[in-house]
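Below: the structure, in structure tokens.
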Ligand SMILES: Nc1ncnc2c1ncn2[C@@H]1O[C@H](COP(=O)(O)OP(=O)(O)OP(=O)(O)O)[C@@H](O)[C@H]1O
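Numbering (UniProt numbering), first residue to last: 1 to 245.
So, in structure tokens, the structure goes:
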């Protein structure tokens with residue numbers, strides 16, 4: 001039987017635009033105030049994720065992991081290349097993305113759910129489960145700008161975990177929250193992952209998390225894929241590389 005791919009990424013290039021400030025004298029001389037400088041963060045990568053596979057992405061700071069994940073989530077559009085999600089629903093669990101600061105946790109649940117493609121009724125049906133899982137007490141009716149980063153990620157995790165899209169993207173959030181929530185979210189993660197239809201991409205710096213959860217690990221280095229394959233060998237090589245550098 002032909003293996004089903006949930007995600008296919010081909011020749012993906014993503015760059016950021018930086019505005020370079022120049023001195024007034026220089027700008028007068030050159031008749032322009034600012035020049036645009038592009039920084040290429042992801043340099044033509046190709047990979048696929050099979051249906052039900054858990055792919056971990058590791059790499060040193062600035063190697064392009066979050067940029068890749070944001071592109072998969074549709075937050076950044078590629079300069080070139082393609083991302084094919086084969087019609088699957090997708091959600092990104094990441095700290096600092098997506099919530100409206102002035103709105104309450106409860107209102108953000110509805111908004112985020114609808115942004116994920118669920119109807120208002122579908123989100124309402126799961127609202128209480130999300131609130132129960134998030135354990136925020138009275139804070140659920142307070143504006144999220146008043147939340148600590150741990151509370152913020154608890155809410156983000158609960159929304160994504162309970163609403164269950166086909167593909168879950170997780171950016172480094174398993175390492176936040178207090179010890180109790182960390183354990184609970186790790187276990188929830190494991191049970192979500194055990195559903196063989198769900199495809200997961202996790203960005204993490206934790207060798208242990210990736211070893212325990214993933215089927216495949218992709219090591220990114222300076223915007224490219226240095227190695228992709230079974231977690232053990234890829235992570236061992238990454239650790240050796242990091243110890244040397
Ligand atoms: N908004 C931005 N504007 C300009 N450059 C950016 C922006 N965001 C990221 N970059 C640059 O793009 C590169 C890749 O960043 P990215 O956040 O994808 O790396 P990462 O591998 O997730 O790093 P980390 O492990 O530190 O989270 C870095 O060099 C970073 O400085």
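The C-beta atom is built at its ideal place from N, Cα and C for all residues, glycine as well.
Since the model is a prediction, treat every value here as computed from it, not as a measurement.
Cβ atoms of residue j and residue i: under 8 Å apart, would you say?
i: residue 8; j: residue 48; result: yes
i: residue 56; j: residue 194; result: no
i: residue 199; j: residue 53; result: yes
i: residue 82; j: residue 41; result: no
i: residue 120; j: residue 110; result: yes
i: residue 216; j: residue 229; result: yes
Hey, residue i and residue j are a contact pair by Cβ (cut 8 Å); roughly how many whole angstroms apart?
i: residue 60; j: residue 218; result: About 14 Å; that fails the 8 Å criterion.
i: residue 220; j: residue 226; result: 7 Å
i: residue 63; j: residue 223; result: 7 Å
For the alpha helix (DSSP H) containing residue i, name the first residue and the last one.
i: residue 188; result: 179 to 194
i: residue 69; result: 65 to 72
i: residue 131; result: 120 to 134
i: residue 282; result: A question about residue 282 goes unanswered here, because the residues of the chain that appear run from 1 up to 245.
i: residue 207; result: 207 to 213
i: residue 199; result: Careful: residue 199 lies outside any alpha helix (DSSP H), inside the beta strand (DSSP E) at 199 to 203.
If you follow the beta strand (DSSP E) that residue i is part of, which residue opens it and which one closes it?
i: residue 80; result: 80 to 84
i: residue 221; result: 216 to 221
Taking the alpha-carbon of residue i as reference, which of the options has the nearest alpha-carbon?
i: residue 98; options: 86, 78, 81, 145; result: 145
i: residue 152; options: 181, 211, 167; result: 181
i: residue 169; options: 126, 186, 92, 86; result: 92
i: residue 141; options: 209, 81, 131, 70; result: 131
i: residue 80; options: 46, 123, 109; result: 46
i: residue 72; options: 224, 201, 231; result: 201
i: residue 124; options: 107, 213, 230, 85; result: 107
Three or more C-beta pairs below 8 Å linking the region 112 to 123 and the region 146 to 163
yes
If you pair each beta-carbon of the region 72 to 84 with each one of the region 8 to 17, do three or more pairs fall below 8 Å?
Yes, the region 72 to 84 touches the region 8 to 17.
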